[in-house]
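S.K.: Residue numbers (the numbering used here): 20 to 411.
Dropping the structure in here first, questions after.
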């Protein structure tokens, strides 16, 4: 703050802290995720504006390539990509669209990749993945590959239910996207910076996105910083057009804030010093096991799932019949409120009857044990209320 309290990054300008942070983020992608194809970073202030940046960038990229009709973006039901105008359109949760005339034209939504809920009777996980990928390719063909510009996805869907994609999903999907010249945007606002037990899910899941969205993890949310990380393939097109077009005319007042750059560098250094990525991987797996042991057998728990420190307990009205609660009854909200009374933070998600857990990456095993036990007692205390809703 004393050296440089503020400086913008409009029109090709920049500042030393944000340049150093860009270099550090790219170094992490290259060394920790094997994503050496990622090459440039644009900084914003939040995940929503980063996805708005991506929305514009995809259009800009195709305009420069002489493909102005290639504009449509495919997202998924249950996805959460922010709540600004374009980002809210990419989000696939109806409550965020209602009364706002969203989504905007050109945004499509494929099926939610939730095997437990949407897998057919007798269908294997591999077959389910094949069905979802085929649906997306059919959508591309139906719309016309010459009109479809990008596909956006959270590697692990967060707000939509902490949904881990079915086996082989992204591997097969990326082949389809490449075949039809469709960019892949990986929204790592939640999964980035250790949440899945890896620096980035891009590395942990062996993805090769053309664009990656980052946000709160960059500074552990102590300062508003987001990022759009783009591939060399995209940058080459932008760079070739720059003599004619000039700098990319996009940005915000606080884009690339030097204080955010300095804090991001310190945050990354602390995460490395304290081994928080490894701790999240170890304690996250332990916490998942504890929750499965503690509540997995409960008659109103359908599934306990997670990766790293992204964990979910999905409630069901009838486990044997795989019958779900009426969403309007808010069964998961009752349990989440009781857990809060017991001193455990869980989030009742808006799209699905799930209590989600995103504890600090610094949580230790003892704290995980206490959290699992307190949540278990909360669930038991709500059993009668859940039974009434199950019969309704």
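Ideal placement from N, C-alpha and C gives every residue a C-beta, glycine not left out.
Measuring alpha carbon to alpha carbon, tell me which of 393, 32, 318, 247 ends up nearest residue 306.
M.R.: The shortest C-alpha separation from residue 306 is found at 393.
S.K.: Where are the beta strand (DSSP E) runs, 3 residues long or more, that stay fully inside the region 175–240, in chain order?
M.R.: 202–206, 230–233
S.K.: Just to check my reading of the structure: residue 216 and residue 300 have Cβ atoms closer than 8 Å, yes? What is that Cβ distance to the nearest angstrom?
M.R.: That belief holds up - the Cβ atoms of residue 216 and residue 300 are roughly 3 Å apart, short of 8 Å.
S.K.: Assuming residue 245 is part of the beta strand (DSSP E), what are its boundary residues?
M.R.: It spans 245–250 - the beta strand (DSSP E) in which residue 245 sits, taken as one unbroken run.
S.K.: Leaving out five residues on either side along the sequence, give the residues of the same chain with a beta carbon under 7 Å from the beta carbon of residue 158.
M.R.: 93, 127, 129
S.K.: So is residue 290 buried or exposed if we call it buried at 16+ other beta carbons inside 10 Å?
M.R.: buried
S.K.: What does the alpha-carbon distance come out to for the pair residue 103 and residue 358?
M.R.: The straight-line gap separating the alpha-carbon atoms of residue 103 and residue 358 is approximately 31 Å.
S.K.: Do residue 332 and residue 374 count as a contact pair if the criterion is CB distance below 7 Å?
M.R.: yes
S.K.: For residue 184, count neighbouring Cβ atoms within 10 angstroms of its own Cβ and tell me buried if that reaches 16, exposed if not.
M.R.: buried
S.K.: Report the partner residues of residue 322 according to the DSSP bridge assignment.
M.R.: Partner(s): 333.
S.K.: Less than 7 Å separating the beta-carbons of residue 80 and residue 253?
M.R.: yes
S.K.: Mapping the DSSP letters down to three states, classify residue 303 as helix, strand or coil.
M.R.: helix
S.K.: With the cut-off set at 7 Å, would you say residue 105 and residue 135 are in Cβ contact?
M.R.: In this structure, residue 105 lies away from residue 135, with their beta-carbon atoms at least 7 Å apart.
S.K.: Go ahead and label residue 122 buried or exposed: buried means 16 or more other beta carbons lie within 10 angstroms of its beta carbon, across all protein chains shown.
M.R.: Burial call: buried.
S.K.: Using C-beta distances below 6 Å, list every residue in its chain close to residue 378, excluding the 5 sequence neighbours before and after it, in chain order.
M.R.: Counting only Cβ-Cβ distances below 6 Å, and skipping sequence neighbours, we find 328.
S.K.: Determine whether the beta carbon atoms of residue 63 and residue 274 lie at a separation below 7 Å.
M.R.: For the 7 Å CB-CB criterion, residue 63 and residue 274 form a contact.
S.K.: Round the Cβ separation of residue 170 and residue 226 to the nearest angstrom and send it over; I've been treating them as touching at under 8 Å.
M.R.: Not really, about 12 Å apart at Cβ, beyond 8 Å.
S.K.: Measuring CB atoms only, is the region 314–330 touching the region 386–405, in the sense that at least three cross pairs come out at less than 8 Å?
M.R.: yes
S.K.: Can you tell me where the alpha helix (DSSP H) with residue 359 in it begins and where it stops?
M.R.: 350–360
S.K.: Evaluate residue 268 with the Cβ neighbour count: other Cβ atoms within 10 Å of its Cβ, from every protein chain shown; 16 or more gives buried, anything less gives exposed.
M.R.: By the Cβ neighbour-count rule, residue 268 is exposed, with fewer than 16 other Cβ atoms within 10 Å of its own.
S.K.: Counting along the chain, where does the alpha helix (DSSP H) carrying residue 69 start and finish?
M.R.: Where residue 69 is concerned, the enclosing alpha helix (DSSP H) starts and stops at 66–83.
S.K.: What whole-angstrom Cβ distance do residue 232 and residue 368 have, given they're in contact under 8 Å?
M.R.: The pair is not a contact, with the Cβ atoms about 20 Å apart (cut-off 8 Å).
S.K.: Find the nearest neighbour of residue 330 within the set 258, 210, 193, 140, judged by alpha-carbon distance.
M.R.: 210
S.K.: Assign residue 123 to one of three DSSP states: helix, strand, or coil.
M.R.: Of the three classes helix, strand and coil, the one that applies to residue 123 here is coil, per DSSP.
S.K.: For a quick check, are the C-beta atoms of residue 54 and residue 166 less than 7 Å apart?
M.R.: no
S.K.: Measure from the alpha carbon of residue 110 to the alpha carbon of each residue in 355, 101, 334, then state which is nearest.
M.R.: 101
S.K.: Go through its chain and collect everything with a Cβ distance to residue 248's Cβ below 6 Å, but skip five positions before and after it.
M.R.: 57, 60, 231
S.K.: Taking the C-alpha atoms as reference points, what is the distance between residue 27 and residue 46?
M.R.: 23 Å
S.K.: Going by the DSSP bridge assignment, what does residue 128 pair with across the sheet?
M.R.: DSSP output for residue 128 lists 94 as bridge partner(s).
S.K.: For residue 97 versus residue 176, is the C-beta spacing smaller than 7 Å?
M.R.: yes
S.K.: Quick check on the burial criterion: 16 or more other C-beta atoms within 10 angstroms. Buried or exposed for residue 65?
M.R.: buried
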